[in-house]
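To keep things clear, I will list the structure first and then write my remarks on it.
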Amino acid sequence: MRILIRKNNEAVGQSAAQLMSPFINRGATLGLATGSTPLSTYAELIRLNQDAEISFQQCQAFLLDEYVGISRTDPNSYYQTIRDTLTSHIDIADDRVFSPAGDHGDSFAAAQAYENQVSGAGVDIQILGIGANGHIGFNEPSSSLSGLTKVQALHPKTVADNARFFASENEVPTHAITQGLGTISRAKNILLLAVGESKAQAIAQAVEGPVSASCPASILQMHPAVTVIIDEAAASRLDNVEYYRHVEQANLNE
Ligand code: GLP
């Protein structure tokens, strides 16, 4: 794992966007995440696109997950969220942005269909946030470390954390369709982003803890091309911060 520690959220976004830019200009298949964490990255990608430094015209993009029971047109759907925060502001066609069908009558069939789509395309670079309990996508603790796209019952903490986007906690869906940890692990390159003290524990477990389904993000330790970009608050519980800084400064990363 390459671990880059940045001063603040904005600097995390700049580094992530910088790393993604060559992939975007090569027309890569992008894996996109929702949530507040990637917003600074998306803002920087939009700026680079508007300044004509990057173009998404040849790219296609796959979302990690979608709430069950919510249609694409619902403002709380992850499909709308990614449109609002990124894809409607850049030069990518709507029909090149894919997400699980949250409102499909048969969620299990929708999960299988999405697995086939994602694995058929092959993600070149996947951007990930992390839940406070270590989840990536919506793979909650106890998820199979090699699992494929599935229907996931959300942890009450995840429901509570995401209630801020809804009128009340009662309106937050209880299930989601999410790429599995095995699906995510097939991406050729992965960027894991985190900002803020509330993610410090999850980052410490993901980066320095044992590989365990108790912290689903820890599976990334098994992946050959992961870059973790975090701010100082999210890095605050890591034991080896000085070493990670040294490696970056000495440009010793593999
Ligand atoms: C949701 C999403 C994840 C995201 C996580 C953290 O559960 N499914 O992909 O990483 O929230 O969100 P935030 O970045 O807002 O803290």
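With the sequence shown counted from 1, adding 1439 to any position gets you our numbering. Yeah, the Cβ is synthetic: ideal placement off N, Cα and C, and Gly gets one too. Here the structure is a predicted model, which means the values were calculated and not measured.
Item, Value
"With hydrogens ignored, establish whether the beta-carbon of alanine 1472 is closer than 7 Å to any heavy atom of ligand 1.", "yes"
"Cβ atoms of serine 1510 and glycine 1544: under 8 Å apart, would you say?", "no"
"Examine ligand 1 and report whether any of its heavy atoms sits within less than 7 Å of the Cβ of isoleucine 1566.", "no"
"How far does the alpha helix (DSSP H) with isoleucine 1521 in it extend, from its first residue to its last?", "1517-1524"
"For leucine 1502, would you say it is in contact with chain B, using Cβ-to-Cβ distances shorter than 8 Å as the test?", "Of the chains in the structure shown, none is chain B; there is only one protein chain."
"Between serine 1527 and arginine 1486, what straight-line distance do the alpha-carbon atoms span, to the nearest angstrom?", "13 Å"
"Assign tyrosine 1481 to one of two classes, buried (16 or more other C-beta atoms within 10 Å of its C-beta) or exposed (fewer than that).", "buried"
"Rounded to a whole number of angstroms, what is the C-alpha to C-alpha distance between leucine 1478 and glycine 1568?", "10 Å"
"Got a sec, what are the start and stop residues for the beta strand (DSSP E) asparagine 1628 sits in?", "1628-1633"
"Which whole-angstrom value is the C-beta distance of alanine 1626 and glutamine 1565, which I expect to be below 8 Å?", "4 Å"
"Report the option in Ala1550, Tyr1506, Glu1483 and Asn1515 whose CA atom is closest to the CA atom of phenylalanine 1605.", "Asn1515"
"I'd like to confirm something about leucine 1503: is its beta-carbon nearer than 7 Å to some heavy atom of ligand 1, or not?", "yes"
"To the nearest angstrom, report how far apart leucine 1443 and alanine 1641 are at their CA atoms.", "16 Å"
"Counting along the chain, where does the alpha helix (DSSP H) carrying alanine 1592 start and finish?", "It is not in any alpha helix (DSSP H) - alanine 1592 instead sits in the beta strand (DSSP E) that spans 1589-1592."
"Could you compute how far the alpha carbon of valine 1598 sits from the alpha carbon of glycine 1576?", "14 Å"
"Measure the beta-carbon distance from valine 1507 to isoleucine 1521 and round it to whole angstroms, keeping in mind my assumption that it falls under 8 Å.", "Between isoleucine 1521 and valine 1507 the Cβ distance is about 17 Å, and since that is not below 8 Å, they are no contact."
"Please state whether the Cβ-Cβ distance between methionine 1661 and valine 1646 is less than 8 Å.", "no"
"Alpha carbon to alpha carbon, what distance is there between serine 1558 and asparagine 1488?", "27 Å"
"Just the C-alpha distance for glutamate 1554 and threonine 1622, rounded to the nearest angstrom, thanks.", "7 Å"
"What's the call for lysine 1589, buried or exposed, on a 16-neighbour Cβ count within 10 Å?", "buried"
"Enumerate, from N- to C-terminal direction, the unbroken beta strand (DSSP E) stretches of 3 or more residues contained entirely within the region 1541-1587.", "1564-1567"
"So is the beta-carbon of threonine 1476 under 7 Å away from any non-hydrogen atom of ligand 1?", "yes"
"With respect to 7 Å, is the separation between the Cβ of asparagine 1572 and the closest non-hydrogen atom of ligand 1 below this value?", "no"
"Between the C-alpha atoms of asparagine 1572 and isoleucine 1463, what's the straight-line distance to the nearest angstrom?", "31 Å"
"Going by C-alpha to C-alpha distance, which of Ser1583, Gly1648, Asp1504 and Glu1608 sits closest to proline 1595?", "Glu1608"
"With burial defined as no fewer than 16 other Cβ atoms inside 10 Å of the residue's Cβ, what is the status of alanine 1500: buried or exposed?", "buried"
"Could you pull the DSSP bridge partners for glutamine 1499 from this structure?", "Thr1468"
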